[in-house]
Amino acid sequence: MSKIRKNRKNKYTIEELEKMKDTQQVIDMYIELIDENLNMIGIIGNDIKATIPRNEASSIVGDDGMVEERHILNKKNKVIPVCIKEIIKNDDGSFELIMSKRMLEIKVRKWMYMHLKPGMKLRGVVVSTTEYAAFVDVGGGVTGILKLQDMSDSLLQNASDMFKVSQRIEVVVKKYDRDTGRIELSYKELLGSFEDNIKKYHEGDIVDGIVRNRIKSGVFVELQPNLVGLAEHVNGIEYGQKVLVSIKRIIPEKKKIKLIIIG
């Protein structure tokens, strides 16, 4: 599903556009404005006028059967991938394009239905975060869920502690349910194993960390994403606070690190 490249002058011929339409190939559109009816208006290339009607803005609709405003208003002044739905030829020889993001999303879903499987790496964009998960657009408006426990071995309280909306990340498919279309994602596999991450640390090192959780036996401190150690309780520290720690002991066979909070 590679994008069609523009020619050197950043223009398309009518023959090229007809071919793109017939094959549902993907093209970039710059959104200049959104009208009162929530139609997105912009350009393809340098000067080809293009419109995405509201009903073509997404394959996801609300209870009223209409594409919700939130899928439209955040697209202004952005470049988005779309497919050509219709080419309108004017009497003066010019032409306008009716574009569709809905067609692209359906195309992506069909591709995923055929090819998606656990262990596959995908690139995506974080579209929202909650206390328990981040939701990642992995292409064409298809969203997967990335739960806290699959982000890192650190005990996070909110997905926003690790990710920000609009952040581009790489993820791994953990589960894919073809019946429901639900995609569960994982991130921590890409952060390296305990054995890999501990290599640069040594007993006696003094390093920065972030407080992630408290239990009866101590305080979990994140040294880096997916690498956490346990320190003894210290009064006055809170979740998310940056601290200075000394590495007291590394126990590779148990994948444990003992720390002392010193500042």
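With the sequence shown counted from 1, adding 48 to any position gets you this note's numbering.
Beta carbons are placed, not taken as given, at the ideal position from N, Cα and C, and that holds for glycine.
For this session: Starting from the Cα of Ile96, find the closest Cα among Ser106, Glu80 and Lys149 and give me that residue.
Result: The shortest C-alpha separation from Ile96 is found at Glu80.
Exercise. Residue range of the alpha helix (DSSP H) that Val156 falls in?
Worked result: First-last of the alpha helix (DSSP H) with Val156: Lys149 to His163.
For this session: Throw me the rounded Cβ distance for the Leu203 and Asn283 pair, which I believe falls under 8 Å.
Result: The C-beta separation of Leu203 from Asn283 comes to about 20 Å, leaving the pair out of contact by the 8 Å criterion.
Exercise. Just to confirm, are Met147 and Val130 a CB contact at a threshold of 7 Å?
Worked result: Against a cut-off of 7 Å, the Cβ pair of Val130 and Met147 comes out as a contact.
For this session: Please name the residue in Asn206, Thr191, Asp253 and Gly240 whose C-alpha comes closest to that of Asp225.
Result: Ranking Asn206, Thr191, Asp253 and Gly240 by Cα distance to Asp225 puts Thr191 first.
Problem set entry | Where the alpha helix (DSSP H) through Glu64 begins and ends | For Glu64, the enclosing alpha helix (DSSP H) covers residues Ile62 to Thr71.
Problem set entry | Contact set for Gln289: own chain, Cβ-Cβ below 8 Å, skip 5 residues either direction | Cβ neighbours of Gln289 beyond the five flanking positions: Ile258 and Val259.
Exercise. Relative to the C-alpha of Ile231, which residue among Lys222, Leu239 and Glu66 is closest?
Worked result: Put simply, of Lys222, Leu239 and Glu66 the residue whose alpha carbon is nearest the alpha carbon of Ile231 is Lys222.
For this session: Classify Pro129 as helix, strand or coil using the three-state DSSP reduction.
Result: It is a strand residue.
For this session: Whole angstroms is fine: what's the gap from Ile120's alpha carbon to Ile108's?
Result: About 11 Å.
For this session: Would you kindly work out how many angstroms separate the C-alpha atoms of Glu104 and Lys67, rounded to a whole number?
Result: Their Cα atoms are separated by approximately 20 Å.
Exercise. Quick one: Cα of Gly277 to Cα of Glu218, how far?
Worked result: When rounded, the separation of the alpha-carbon atoms in Gly277 and Glu218 is 25 Å.
Exercise. Hey, Lys149 and Ser214 are a contact pair by Cβ (cut 8 Å); roughly how many whole angstroms apart?
Worked result: Contact flag wrong, Cβ pair sits at about 17 Å.
Exercise. What are the start and end residues of the alpha helix (DSSP H) that includes Asn245?
Worked result: For Asn245, the enclosing alpha helix (DSSP H) has its first and last residue at Phe242 to Asn245.
For this session: Would you decide whether Glu270 is buried or exposed? Buried here means 16 or more other CB atoms lie within 10 Å of its CB.
Result: Under this definition Glu270 is a buried residue.
For this session: Give a yes or no on whether the C-beta atoms belonging to Ile100 and Met88 are separated by under 7 Å.
Result: Yes. Within cutoff.
Problem set entry | Per-residue burial, Phe183 [other beta carbons within 10 Å of its own, 16 or more giving buried] | Phe183 is classed as buried because its beta carbon has at least 16 other beta carbons within 10 Å across all chains shown.
Problem set entry | Best match in His281, Gln205, Met162 and Lys306 for proximity to Ile254 [C-alpha to C-alpha] | The shortest C-alpha separation from Ile254 is found at Lys306.
Problem set entry | Residue from Gly110, Leu145 and Lys303 whose Cα sits closest to the Cα of Ser3 | Outside the displayed range of the chain (49 to 311) lies residue 3, so it cannot be described from this structure.
For this session: Check the C-beta distance from Ile128 over to Met77 and give it rounded, since I have them as a contact under 8 Å.
Result: About 6 Å separates the two Cβ atoms, so the contact holds.
For this session: Please determine, among Asn85, Asp112 and Lys59, the residue with the shortest C-alpha to C-alpha distance to Ile92.
Result: Distance check between Ile92 and each of Asn85, Asp112 and Lys59 places Lys59 closest, using alpha-carbon atoms only.
Exercise. Does the distance from the CB of Ile285 to the CB of Ser294 come in under 7 Å?
Worked result: For Ile285 and Ser294, no; Cβs fall outside 7 Å.
Problem set entry | Asn261 in three-state terms, based on DSSP | Three-state result, Asn261: strand.
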